[in-house]
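>
The structure is reproduced here in C-alpha cells:
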C-alpha cells in the first residue's frame, strides 16, 4: 500500500509537471525560444557564452593563454596582489552573458536564479569546498530602495542553498555613500569604494576566524571586491574568496 502511495504521488507530480509545461512552456532564459526544460538556455545561446575555464590566474581568476602546470599567477596579480585570496567567475561579461546579467539585475527577470546558482556552485566549487559563510556584496540603501532587491544577495542565497554553506546577508554593510562605478577609471573606482564597507557589530562573532565566499554579479576591476575583503578581514575573517557570475577580462581593466 505504501509502495502504491509513493508511486501514485510520483505519477501525480509528473502529470502536474506536464500540465504546468503546457500552461507555461519552458523557454530559453536568454532568447525565449522553446527548450526541453525550465531553468535552461538553448544550445545556440549556450554556445555564445564564453565560460571561463582553466588555465587561469589563481588569484584574479582571469584566463591565461597556456597552462604551465601547478598554481599560476598572472602578471597583473603579481604586480598588484588583491586583498582577497582568489576570485572566480562563471563567464566573461559579454554577449549573451551580459544580457542575462542585465535582465536579472535591471529588468526583474529573476527566473534565471536557479540556473545562475548551479553555474556559480560549479565555477566556485574549490572556493566553497571548505567555506564557512557566503556573504553578498551589499547594495547602497538608495539603490536598494529603487531596485527593491539586491541581486548579489539573491545569488548568494541560491549558492548557499545548493552547497549547504551558511548564508549571512547582513554581515557586510555599506558605511559610506559612493557614486556609481559605471564610467569610472580603475583608480577612481578604488578611491570611490575605499572604506565603504564594514562588518555589522552583531555579525563580528560569526566572522572571527571564518573562511568567507563573497558573492557579486560582476567583477569589473575588482575594486569593490577588494574593499569588501578589507572590511571582512578587519572583522577577523581569515580568508576571503570572491565568486561572481561574470568578469570583465579586458586588459584595460585587469592590468594594474
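Residue numbers (this note's numbering): 89 to 344.
All residues carry an ideal CB built from backbone N, CA and C; glycine is no exception.
Return helix, strand or coil for residue 111, following the three-state DSSP convention.
Indexing the chain shown from 1 puts residue 111 at position 23. Its pLDDT being 49, under 50, residue 111 is placed unreliably in this model, and the value from its coordinates should be taken loosely. Of the three classes helix, strand and coil, the one that applies to residue 111 here is helix, per DSSP.
> CB-CB under 7 Å to residue 337, same chain, minus the five flanking residues each way: which ones, in chain order?
On the chain shown, residue 337 is found 249 positions in, with the first residue counted as 1. Within the same chain, residue 337 has close Cβ partners 150, 151 and 180.
> Measure the C-alpha to C-alpha separation of residue 184 and residue 258 and round it to an integer number of angstroms.
In the chain shown, the residue the question calls residue 184 occupies position 96. In the chain shown, the residue the question calls residue 258 occupies position 170. Pairing residue 184 with residue 258, the inter-Cα distance amounts to about 31 Å.
> Is there a Cβ from chain B that is less than 7 Å from the Cβ of residue 334?
The chain labelled as chain B is not found in the depicted structure, where only one protein chain is given.
> Hey, out of 223, 191 and 169, whose CA is closest to residue 330's CA?
Locating residue 330 in the chain shown gives position 242, counting from the first residue. Among 223, 191 and 169, the Cα nearest to that of residue 330 is on 223.
> In angstroms, rounded to a whole number, what distance separates the CA positions of residue 285 and residue 311?
Along the chain shown, read from residue 1 onward, the residue named residue 285 stands at position 197. Along the chain shown, read from residue 1 onward, the residue named residue 311 stands at position 223. Their backbone Cα atoms lie some 12 Å apart in a straight line.
> What do you get for residue 134, buried or exposed, if any count of 16 or more other CB atoms within 10 angstroms of its CB means buried?
Within the chain shown, the letter at position 46 stands for residue 134. The residue in question, residue 134, is exposed, as its Cβ has fewer than 16 Cβ neighbours within 10 Å.
> Can you tell me which of the three DSSP states residue 154 falls into?
As a working mapping, residue 154 is identified with position 66 in the chain shown. If DSSP states are grouped into helix, strand and coil, residue 154 belongs with coil.
> Distance check for residue 168 and residue 144, CA to CA, integer angstroms please.
For the purposes of this step, residue 144 is taken as residue 56 along the chain shown, with counting starting at 1. For the purposes of this step, residue 168 is taken as residue 80 along the chain shown, with counting starting at 1. Between residue 144 and residue 168, the C-alpha separation is close to 17 Å.
> I need the straight-line Cα distance from residue 160 to residue 293, nearest angstrom please.
Walking along the chain shown from the start, residue 160 turns up at place 72. Walking along the chain shown from the start, residue 293 turns up at place 205. Cα to Cα, the separation comes out at about 34 Å.
> Taking the alpha carbon of residue 215 as the point to measure from, which residue in 248, 165 and 192 has its own alpha carbon closest?
Position 127 of the chain shown holds residue 215. With distances taken between Cα atoms, residue 215 lies closest to 248.
> Among 320, 158 and 263, whose alpha-carbon lies nearest the alpha-carbon of residue 171?
If you number the chain shown from 1, residue 171 lands on position 83. With distances taken between Cα atoms, residue 171 lies closest to 320.
> Are there 16 or more other CB atoms within 10 angstroms of the CB of residue 158, so buried, or fewer, so exposed?
Taking the first residue of the chain shown as 1, we reach residue 158 at position 70. By the 10 Å Cβ count, residue 158 comes out exposed.
> Taking the continuous beta strand (DSSP E) assigned at residue 224, which residues delimit it?
Locating residue 224 in the chain shown gives position 136, where the first residue counts as 1. Here the beta strand (DSSP E) through residue 224 covers 221-224.
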